[in-house]
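Visitor: What follows is a structure written as structure tokens; I'll ask about it next.
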Amino acid sequence: MKLVNTMGKAGLCALTLIGAAALPQVAKAADEPFVGEVMLVAFDFCPRDFLPADGRLLSISQNQALFALYGTTYGGNGQTTFGIPDMRGRILIGPGTGPGLPTVALGQASGSATQTMTVNTMPAHSHIVRANNLDGDKPGPGGKLLAAAPAGGTGNETIYSTAAPNVTMNPSMIAPAGSGVAFSTQDPTLGLTHCIAQFGIFPSRP
């Protein structure tokens, strides 16, 4: 017995369309972003309709949707211009108050890549006092170094003290320490291009 193919060309076309519909679809990169959305890219430019997050000022009249979201949070006079975030060289953190952390406002820029130690911020420490074993030949300590009591003296020599309080001795008694050079406080980082959507879907509040 022969099996007869009665499907015809129309049936084959229908099966082809059904099979194609069942295949996974490639995600489209052209889906509209939200206005003001920040996107990271690993190349050195921002795609069309995106602006580099470089803190530039924009015209309010030409970017009303973006201004409605940003306001003057990132700069501008609020009449003709407004600013966008400047993310160059910065680590981004969320606004608010985390447990045990200081409060951060939206758009607040703070911190420094380097720091210099001050008297108030350095840890407790000590310095070596310089002296010599020569006999003291001066009656008081003003501008002098510590020395030994003269041999055969009376024991009443005023080598280390005087009637005047807080006498300044020789500065070379205590050797200087440190250089005052600023040191880095920056975490390990990786530079990526931050881009801001200039146009797109206006986000609705929840």
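Per mature numbering (1 follows the signal peptide of the UniProt record, and there is no 0): the sequence shown = residues -29 to -1, 1 to 177. Each residue gets a CB set at the ideal place from its N, CA and C atoms; glycine is no exception. Just so you know, these numbers come straight off a predicted model, no measurement behind them.
(1) For residue 179 and G26, I'd like the C-alpha separation in whole angstroms.
(2) Across the stretch 38 to 48 and the stretch 60 to 71, are there enough close Cβ pairs to call them in contact, namely three or more that are closer than 8 Å?
(3) Is the number of C-beta pairs between the stretch 84 to 97 and the stretch 153 to 165 that are closer than 8 Å three or more?
(4) To the nearest angstrom, how far is it from the Cα of I31 to the Cα of T43?
(5) Please report how far the alpha carbon of A146 lies from the alpha carbon of A135, in whole angstroms.
(6) Hey, out of I167, I172, S175, V100, whose CA is closest to M140's CA?
(7) State the CB to CB distance for the pair A168 and F53, rounded to an integer number of angstroms; the pair is presumed to be in contact (CB under 8 Å).
(8) In terms of residues, what are the limits of the beta strand (DSSP E) holding A168?
(9) Are the beta-carbon atoms belonging to A24 and V12 less than 8 Å from one another?
(10) What are the boundary residues of the beta strand (DSSP E) that includes L11?
(11) Between G78, C17, T74, which has its C-alpha nearest P56's C-alpha?
(12) Buried or exposed: where does H98 fall if 16 or more other Cβ atoms within 10 Å of its Cβ makes it buried?
(13) Using CA coordinates, which residue listed in V75, I64, C166, M144 is at the minimum distance from R19?
(14) Evaluate L163 with the Cβ neighbour count: other Cβ atoms within 10 Å of its Cβ, from every protein chain shown; 16 or more gives buried, anything less gives exposed.
(15) State the DSSP-derived secondary structure class of S30, mapped to helix, strand or coil.
(16) Need the endpoints of the alpha helix (DSSP H) that L72 sits in, please.
Guide: The relevant details are as follows:
(1) Outside the shown range of the chain (-29 to 177) lies residue 179, about which nothing can therefore be said.
(2) no
(3) yes
(4) Cα-Cα distance, rounded: 10 Å.
(5) 25 Å
(6) Out of I167, I172, S175, V100, V100 has the C-alpha closest to the C-alpha of M140.
(7) In fact, because the Cβ distance is near 15 Å, the residues do not count as touching under 8 Å.
(8) It spans 164 to 168 - the beta strand (DSSP E) in which A168 sits, taken as one unbroken run.
(9) no
(10) 9 to 12
(11) The option with the nearest alpha carbon to P56 is G78.
(12) exposed
(13) C166
(14) exposed
(15) Here S30 sits in strand by DSSP.
(16) It is not in any alpha helix (DSSP H) - L72 carries neither H nor E in the DSSP assignment.
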